[in-house]
Ligand SMILES: Nc1ncnc2c1ncn2[C@@H]1O[C@H](COP(=O)(O)OP(=O)(O)OP(=O)(O)O)[C@@H](O)[C@H]1O
Ligand SMILES: [Mg+2]
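Chains as they are written, first to last, in the numbering used here: chain W, 1 to 390; chain S, 1001 to 1548.
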């Protein structure tokens, strides 16, 4: 008995005084789909979520849940009638109630309103099974301050799920947990979401969480949507540098278009001529300057032989991390050093002369002018350590 | 409910602030002879010799009391916070206790101790020692009683600031070559100035307009200040518009003073004066510590033990005129006499329930106002704090007059009812309820309410099940404070009292003016015991609160 729970956001806008927090957001979320809003601090993620929950009134646009307009011109459905579940970053558990009372709150509200049949016992039963779902059985009589951070997080999740909301909204729910716990909870949330089939919007600025949890990712920057698509698409075919870097380290290599149709072939500034992917709907004329995004693991590196035709370079930094080795290489003809990740057992020393290889098909054209490269500093990770792909 | 909230607040504010102040202003312009309005009343009142004298008296009583309070409070605070004086903690709690006891009851105690005829200290201590008897009636008696009652207003904030001051500031001065005295003058004192200033201002304001002690100690010798002059203008023959005239400048002046105080020091009052607490350095007094202890003991003796002890003693005496011997003491007679007087019993119940209702109502208004201020998007928000704090500028007497003018006649006809008394009590405690609840509310994360809303709770259900339970601590403490204050409220009650709306403090005051000292003693004891009991029981109950 699945209810209609698709979510449609059209032209959504929120202005606080002078500042625009959300600008013209369009998003259609299918029933049961899991969407991650990804973006840096202050880009309007929380504001979007609060408008969906009904804590803020949009200044423009429309939100429709399951075919009912909940916010739009002349319409505003208060949060208590939207049937959404929210997990707050602060958890917002009520310190004066036990865990079971916290979880059962939504049910008692509904029973009071006569929208829920059954007595105390049936509520207790549902609370019990919600606690089991998040592996907290037996802790119902504790108070929130008697739980660990991870357990509090689970209570917040159970509380949001027990009323079977149409949409589940989570605002950076794992940001207060340590790394190990975060991994466990990530899996737990994904499983629960799949099993219950609830439509989910999940906010994070952690790319691993985004990749692991999303059916589709919405990349946001300063209130504006940059790209919407499945994780693989955003990772492999980012539309711009911002999206590329949001999902992991990337190199941006200047190139010149050689031919556009039938296949796109460019000459990289390293001298290599390669075929690359392009975002749909984009065209460039031959001999135009472009930028190509290549992920560090997609670049090959080997000791330079004298007869090499491909680009040469010098290892500036090499860090052996067990599973892989991270290099920063100064490549002839490129303005910025290139990041490379390789599975090698014997890493090359600093100063080694190397050959850098980029295969056809791994690069991806970015919808940004080539001179943008100099204009922007590298957004993520001036240090080598941030190269690690976990 | 949620959309009604701003309107509820507007209605409450209208009746609690706008109507009383507006009526006072309007009335002061009314000219009964000609039936028109004008400024003639002002000219009339402000040229009357007795009125000018009352204004002058208010000023100098206020000033002298402030100086007296400073002389006690500042050294006492330093001794308690920064030295090894014996019994430091005990002396601190004594200062807090002074608040629970009303000043007019203390004044009654002092009449029994230092009254020119039959005052026990005069009769049994001063005269036998060959010293001249002290006459408590008149200005110096008033200043003595007010000083001993009001010094905690300076003592408590200064102690607090000294506790929180980082000794490293002083050490820094010393390591730069300053002497101890120089450090005290150059570093410690300047840091103490904000709490000293705001405390002094409160003492001045309170002394300036306090009614009870002035009426009891000044009345018999014809010494008047503004509030007693106002009461006289209302009773004999009633010139209520003159009383209104007298009230307005006071209201205005106090408003400005309180605003200045909040503006200058209000925010800093609760923050630490530079750095972490706990870095305190104490001065070792050596033998002088016993001198310090004696000083504290004398303050305790004079502010609490003597005035309230004598009331207790008097409640067991057969008659004040008889010599103090065992034969002349009785255990129950005076207390039984209280119960046998229906007016006294009735006044007791009246006081209990209207204090309780006003306490609860003020908390309701405060929660509503604070919620609107902190959570809603209403355009009223900038007005909320000023209006909720405005009653601070109507001290008892002026509030009393304003209430009489606003509500006793048409269209409300509340004169002589308990309702008007209740309304006035409510107004009196709204500012402090607001301040407490506001401070508590700032600790409550808005998300805890949103979590309830999104789970389906309506605004009122989320208030009832989440917000108010989370505010339990501040609500209970301000509730107790309000109740204790209102149960013994005299300054407003005396203006609203007509003989049909008996409340305990007015009955007690009347017993004193009728010189029924044994009954007065007994009733004082009962009232003090009730207040103390409420405080102690509440502390016990508050002790068992859920840790967060
Ligand atoms: N109530 C408000 N009043 C004014 N400006 C606001 C308000 N709430 C948010 N903003 C502004 O809107 C912008 C977006 O804020 P939002 O909280 O949505 O960011 P976010 O993406 O959730 O960031 P974070 O990752 O730090 O939580 C910010 O610039 C913020 O300053
Ligand atoms: Mg946020």
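Beta carbons are placed, not taken as given, at the ideal position from N, Cα and C, and that holds for glycine. Note that the structure is a prediction, hence the values are computed from the model and not measured.
If we call anything under 8 Å between Cβ atoms a contact, is residue i one with residue j?
i, j, result
"residue 1402 of chain S", "residue 1021 of chain S", "yes"
"residue 286 of chain W", "residue 249 of chain W", "no"
"residue 1256 of chain S", "residue 1200 of chain S", "no"
"residue 1445 of chain S", "residue 156 of chain W", "no"
"residue 207 of chain W", "residue 247 of chain W", "yes"
"residue 1512 of chain S", "residue 1108 of chain S", "yes"
"residue 1429 of chain S", "residue 1538 of chain S", "no"
"residue 1136 of chain S", "residue 1065 of chain S", "no"
"residue 266 of chain W", "residue 243 of chain W", "no"
"residue 345 of chain W", "residue 201 of chain W", "no"
"residue 106 of chain W", "residue 15 of chain W", "no"
"residue 1406 of chain S", "residue 1045 of chain S", "no"
"residue 109 of chain W", "residue 166 of chain W", "no"
"residue 1502 of chain S", "residue 1343 of chain S", "yes"
"residue 1338 of chain S", "residue 1532 of chain S", "no"
"residue 275 of chain W", "residue 361 of chain W", "yes"
"residue 316 of chain W", "residue 335 of chain W", "no"
"residue 1096 of chain S", "residue 1152 of chain S", "yes"
"residue 1006 of chain S", "residue 1372 of chain S", "yes"
"residue 348 of chain W", "residue 356 of chain W", "no"
"residue 237 of chain W", "residue 294 of chain W", "no"
"residue 1492 of chain S", "residue 1400 of chain S", "yes"
"residue 1235 of chain S", "residue 1082 of chain S", "no"
List the DSSP bridge partners of residue i.
i, result
"residue 216 of chain W", "W/35"
"residue 1086 of chain S", "Paired residue(s): none; residue 1086 of chain S is not in a bridge."
"residue 227 of chain W", "W/219"
"residue 327 of chain W", "W/318 and W/340"
"residue 252 of chain W", "W/293"
"residue 200 of chain W", "W/34 and W/168"
Can you pull the chain W neighbours of residue i, defined as C-beta to C-beta under 7 Å?
i, result
"residue 1525 of chain S", "Going along chain W, no residue has its Cβ under 7 Å from residue 1525 of chain S, so there is no contact; the nearest lies around 39 Å."
Let me check understanding here. Comparing Cα to Cα, which of the options lies closest to residue i?
i, options, result
"residue 1356 of chain S", "S/1039, S/1502, S/1487 and S/1048", "S/1487"
"residue 1110 of chain S", "S/1318, S/1441, S/1346 and S/1304", "S/1304"
"residue 370 of chain W", "W/76, W/254 and W/152", "W/254"
"residue 233 of chain W", "W/222, W/217, W/223 and W/224", "W/217"
"residue 1443 of chain S", "S/1375, S/1456 and S/1383", "S/1375"
"residue 1450 of chain S", "W/52, W/142, W/183 and W/23", "W/52"
"residue 1341 of chain S", "S/1507, S/1138, S/1085 and S/1123", "S/1507"
"residue 1504 of chain S", "S/1348, S/1361, S/1237 and S/1086", "S/1348"
"residue 270 of chain W", "W/262, W/264 and W/299", "W/299"
"residue 1499 of chain S", "S/1417, S/1190 and S/1191", "S/1417"
Residue i touches chain S at which residues, Cβ-Cβ below 7 Å?
i, result
"residue 84 of chain W", "1454"
"residue 109 of chain W", "1455, 1456, 1457 and 1461"
Flag residue i as yes if its beta-carbon sits less than 8 Å from any beta-carbon of chain W, otherwise no.
i, result
"residue 1471 of chain S", "no"
"residue 1461 of chain S", "yes"
"residue 1630 of chain S", "The question about residue 1630 of chain S has no answer here: the residues shown for chain S are numbered 1001 through 1548."
"residue 1531 of chain S", "no"
"residue 1445 of chain S", "yes"
Closest Cβ-Cβ distance between residue i and chain S: below 8 Å?
i, result
"residue 205 of chain W", "no"
"residue 46 of chain W", "no"
"residue 126 of chain W", "no"
"residue 389 of chain W", "Here the model assigns residue 389 of chain W a pLDDT of 37, short of 50, so the residue's position is not dependable, and the following value carries that caveat. No - not a single Cβ of chain S is within 8 Å of the one on residue 389 of chain W."
"residue 21 of chain W", "no"
"residue 18 of chain W", "no"
"residue 375 of chain W", "Reliability of the predicted coordinates at residue 375 of chain W is poor, the pLDDT of 48 falling under 50, and the value obtained from them is presented with this limitation in mind. It does not: the Cβ of residue 375 of chain W has no partner Cβ on chain S nearer than 8 Å."
Against residue i, what residues of chain S qualify as contacts under a CB-to-CB distance less than 8 Å, listed in chain order?
i, result
"residue 105 of chain W", "1452, 1455, 1457 and 1465"
"residue 79 of chain W", "1450, 1453 and 1454"
"residue 53 of chain W", "1450 and 1454"
What residues from chain W crowd round residue i, counting only those whose CB sits closer than 9 Å?
i, result
"residue 1448 of chain S", "88, 90, 92, 93, 94 and 95"
"residue 1350 of chain S", "Those do not exist, as residue 1350 of chain S stays about 35 Å from chain W at its closest Cβ, beyond 9 Å."
In chain S, which residues lie less than 9 Å from residue i when you measure between Cβ atoms?
i, result
"residue 163 of chain W", "1455 and 1456"
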